[in-house]
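Chemist: Below: one structure in structure tokens.
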Amino acid sequence: MKFQFESLSDFLQMSGHGPYVWMAYGVGAAVMIWLIVRPVVRRREVLRNIARDYKRQQLSPEE
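So, in structure tokens, the structure goes:
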């Protein structure tokens with residue numbers, strides 16, 4: 521098997537394109553993490569708000 525790069529440093533630099541390539545991977549990974557984490561956090565917020573509203577309805581006098 522023939523490797524494209526001579527060393528790890530060459531691999532990270534990618535003939536001068538390394539910063540762009542690794543930034544693109546980083547942004548892509550950040551977006552993927554956001555797409556996974558945000559709905560989970562939002563679900564917790566919604567459930568907490570529903571529970572709070574339910575308790576408020578139980579404590580308030582019936583109209």
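Position in the sequence shown (from 1) plus 520 gives the number in our numbering.
Quick reminder that beta carbons are idealized off the backbone N, C-alpha and C, glycines included.
For residue 526, name the three-state secondary structure that DSSP assigns.
Modeler: The residue labelled residue 526 in the question sits at position 6 within the sequence shown. Coil, per DSSP.
Chemist: For residue 535, does the three-state DSSP call read helix, strand or coil?
Modeler: Your numbering for residue 535 matches position 15 in the sequence shown. Three-state result, residue 535: helix.
Chemist: When the Cα atoms are used, what is the spatial distance from residue 567 to residue 551?
Modeler: Within the sequence shown, residue 567 is the residue found at index 47, counting from 1. Within the sequence shown, residue 551 is the residue found at index 31, counting from 1. If I take the Cα positions, the gap works out to 24 Å.
Chemist: Distance, Cα to Cα, residue 553 vs residue 521?
Modeler: For the purposes of this step, residue 553 is identified with residue 33 of the sequence shown, where counting begins at 1. For the purposes of this step, residue 521 is identified with residue 1 of the sequence shown, where counting begins at 1. Cα-Cα distance, rounded: 34 Å.
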